[in-house]
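Visitor: This is the structure, below, for whatever I ask next.
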Amino acid sequence: MEEQGELTSFWSAVILASILLAGTGSFFYFAGFFDREIIIVDCAEGEMLIEDNCVKVIEEDVIEELTDLEKFESYNQVSIYSRGIVTPNDYMQRSGEYLNDDGTDGVGRKIRVDGEIEDAYIYIKAGTNDAGGNFGSILEQYDTIFFYIKNGTYQGGHLEVSKSKFGQPSEFTEILFNLSDLPVATSLRNYRNGNFDTINLLDDLQEDRRVGALVNTERYGKIELLIIGYKCKGEQDSCNIY
């Protein structure tokens with residue numbers, strides 16, 4: 182029993198010594214921590230603190246994506262109508278005759294294309310008369326803008342004006358669309374019911390295709406401008422539409 186008591190005393194002494202040593206080490210550690218001099222580093226503008234050193238931050242150039250309007254304005258451009266085009270009085274009754282390839286009454290014109298076209302936009306400025314005879318924006322509940330490219334058959338339709346990429350206010354109707362992403366209704370019924378399709382007419386912009394637009398209305402309507410903005414494959418002067 183005495184032997185067991187001596188052993189217990191021995192281990193008690195060992196544990197007590199360990200606790201005293203650990204406490205002493207902690208005391209010296211924290212004492213040393215509080216004795217340290219705290220240095221506040223104030224880095225210059227354009228620098229950041231990394232491991233007590235000011236390091237210059239290198240900012241990468243951010244290339245902002247051009248808007249659709251900025252792209253259109255940077256492209257080559259061709260005007261389809263030199264004087265605009267007024268909707269014929271009897272257009273609603275004779276639309277098939279006016280949307281033709283031959284004669285002087287057609288609402289479009291054939292284009293010539295040299296080289297390869299990589300991208301293209303159409304810009305249209307149009308208007309109609311209101312009840313007071315004032316010329317201004319078209320009224321979508323009464324009027325539409327019909328755009329097409331024809332090569333045997335018509336490709337296009339009544340444009341969904343609300344999806345325009347023009348993005349600037351105007352007293353007239355000014356719309357901008359990419360030919361590869363054109364929202365159209367193929368009939369007036371579909372237009373009134375909000376049934377639009379998105380079509381790609383970029384590949385239809387070819388030699389001897391007939392391009393045209395008209396204000397589809399029973400009132401006085403006029404397309405003042407129809408402009409194609411186009412980008413060439415390769416150098417910007419490697420293609421031409423005229």
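Here my numbering runs 181 ahead of the position in the sequence shown, where the first position is 1.
We put the CB at the ideal spot given by N, CA and C, even for glycine.
Predicted model, so just to flag it, every value in this text is computed and none were measured.
#1: In whole angstroms, what separates the C-alpha of residue 388 from that of residue 262?
#2: Starting from residue 250, follow the alpha helix (DSSP H) in both directions and report where the run begins and ends.
#3: Do you know offhand how far residue 270's Cα is from residue 302's?
#4: Looking only at its own chain, which residues have a Cβ that is under 6 Å from the Cβ of residue 316, when we skip the five neighbours before and after it?
#5: Check whether the stretch 398 to 417 touches the stretch 368 to 381, counting contact only when three or more Cβ pairs, one atom from each stretch, lie closer than 8 Å.
#6: Under the DSSP definition of a beta bridge, which residues are partnered with residue 366?
#7: Tell me where the beta strand (DSSP E) around residue 393 begins and ends.
#8: At the level of alpha carbons, what is the spacing between residue 264 and residue 391?
#9: Quick check: the stretch 347 to 366 against the stretch 241 to 260, are there 3 or more CB pairs under 8 Å?
#10: Return the first residue and the last residue of the alpha helix (DSSP H) that residue 279 is part of.
#11: Please tell me whether residue 329 and residue 410 are closer than 8 Å, where the distance is taken between their beta carbons.
#12: Is the closest heavy atom of the ligand ATP to the C-beta of residue 343 under 7 Å?
#13: Would you call residue 414 buried or exposed, if buried means 16 or more other Cβ atoms sit within 10 Å of its Cβ?
#14: To the nearest angstrom, report how far apart residue 319 and residue 353 are at their CA atoms.
#15: So which of 332, 279, 338, 333 has the shortest CA-CA distance to residue 325?
#16: Closest to residue 357 by C-alpha separation, out of 323, 407, 266, would be which residue?
Guide: Result, derived from the coordinates:
#1: The residue labelled residue 388 in the question sits at position 207 within the sequence shown. The residue labelled residue 262 in the question sits at position 81 within the sequence shown. For residue 388 and residue 262, the distance between alpha carbons rounds to 18 Å.
#2: Indexing the sequence shown from 1 puts residue 250 at position 69. Counting along the chain, the alpha helix (DSSP H) containing residue 250 begins and ends at 249 to 255.
#3: Taking the first residue of the sequence shown as 1, we reach residue 270 at position 89. Taking the first residue of the sequence shown as 1, we reach residue 302 at position 121. Whole-angstrom Cα-Cα distance: 29 Å.
#4: One-based indexing of the sequence shown puts residue 316 at position 135. Here the set comprises 308, 310.
#5: Proximity of the stretch 398 to 417 to the stretch 368 to 381 falls short of the contact definition, fewer than three beta-carbon pairs being nearer than 8 Å.
#6: Within the sequence shown, numbered from 1, the residue matching residue 366 stands at position 185. DSSP output for residue 366 lists 339 as bridge partner(s).
#7: In the sequence shown, residue 393 corresponds to position 212, counting from 1. Start and end: 391 to 397.
#8: By one-based count along the sequence shown, residue 264 stands at place 83. By one-based count along the sequence shown, residue 391 stands at place 210. Approximately 17 Å between the Cα atoms of the pair.
#9: yes
#10: As a first step, residue 279 is located in the sequence shown; it is residue number 98 there, counting from the start. Taken as a continuous stretch (DSSP letters only), the alpha helix (DSSP H) holding residue 279 covers 272 to 279.
#11: Your numbering for residue 329 matches position 148 in the sequence shown. Your numbering for residue 410 matches position 229 in the sequence shown. Residue 329 is not a Cβ neighbour of residue 410, given a cutoff of 8 Å.
#12: Looking for the ligand ATP in the displayed structure turns up nothing, as the structure carries no ligands at all.
#13: Residue mapping note: residue 414 aligns to position 233 of the sequence shown, counting from 1. Counting Cβ neighbours within 10 Å, residue 414 comes out exposed, since fewer than 16 surround it.
#14: Here residue 319 refers to the residue found at position 138 of the sequence shown. Here residue 353 refers to the residue found at position 172 of the sequence shown. Taking the straight line from one Cα to the other gives about 7 Å.
#15: As a working mapping, residue 325 is identified with position 144 in the sequence shown. That would be 338, whose Cα lies nearest to the Cα of residue 325.
#16: Locating residue 357 in the sequence shown gives position 176, counting from the first residue. Among 323, 407, 266, the Cα nearest to that of residue 357 is on 407.
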